[in-house]
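Following this line, the structure appears as structure tokens:
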């Protein structure tokens, strides 16, 4: 179904344990949605950002180049974020919670995932949301092992205390791998031309 407002029509219905997959194409200015709308809307609930290869940083820089940015508002947002940095790439925003060396070995990936979840659970104020950037790029570099690693982690340690929001560039991974991510998700949102379509509603509107 088509929706007009991602936060109002999708995220407000999500509860801890839900996984939202946001699919976009390379030509979509997804930075406007990510940094201009979604993160400000959910920040009050507490957010951990998982940034693969600095993709979140790149999108933030693109967003900040806009002429109509509320810089003071963005700076306040950035101060509140906790960040897991995965792989090489600069991350200048938020507080670094953990640095992770990207691995395509399922057992090593699982250990890193467990470490991240353990640190999140010990935070004085428990975040409600986890937002990932660059997950599709991680899959792109070693697809089969990446998918195995993700499946191993999420089946072993379900994130029941978080709403997970995954931004995935659908152009950089094969359809079969995207289908697996879709199967793992509670809600699937396709972004195209600034419009949203929900293909798996997870109870939206019930």
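In my numbering, the protein residues as written are 213 to 418. C-beta atoms are modelled at their ideal positions from N, C-alpha and C, and glycine is treated no differently.
List the residues that DSSP assigns as beta-bridge partners of residue i.
i, result
"residue 236", "381"
"residue 273", "Note: residue 273 sits in no beta bridge, so no partner."
If we call anything under 7 Å between Cβ atoms a contact, is residue i one with residue j?
i, j, result
"residue 331", "residue 309", "yes"
"residue 350", "residue 225", "no"
"residue 318", "residue 386", "no"
"residue 223", "residue 246", "no"
"residue 366", "residue 230", "no"
"residue 470", "residue 320", "Here the chain covers residues 213 to 418 and nothing more, so residue 470 does not appear."
"residue 390", "residue 399", "no"
"residue 316", "residue 256", "no"
"residue 298", "residue 348", "no"
"residue 276", "residue 346", "no"
Between the C-alpha atoms of residue i and residue j, what's the straight-line distance to the nearest angstrom?
i, j, result
"residue 406", "residue 341", "23 Å"
"residue 304", "residue 402", "28 Å"
"residue 380", "residue 352", "11 Å"
"residue 371", "residue 286", "28 Å"
"residue 218", "residue 324", "30 Å"
"residue 329", "residue 300", "21 Å"
"residue 242", "residue 393", "19 Å"
"residue 377", "residue 344", "6 Å"
"residue 260", "residue 296", "7 Å"
"residue 409", "residue 283", "30 Å"
"residue 397", "residue 279", "35 Å"
What does a CB cutoff of less than 7 Å around residue i pick up in its chain, not counting 5 residues either side in sequence?
i, result
"residue 417", "Reliability fails at residue 417, whose pLDDT of 43 lies under 50, so the model's placement of it is uncertain and the value that follows must be treated cautiously. Closer than 7 Å at Cβ, skipping near neighbours: no residue."
"residue 290", "305, 306"
"residue 326", "369"
Shortest alpha-carbon distance to residue i belongs to which of the options?
i, options, result
"residue 252", "336, 412, 293", "293"
"residue 404", "364, 275, 239", "239"
Once you ignore the five residues that flank residue i on each side, which residues in its own chain have a CB closer than 6 Å to its CB?
i, result
"residue 415", "Its pLDDT being 49, under 50, residue 415 is placed unreliably in this model, and the value from its coordinates should be taken loosely. Contacts found: none."
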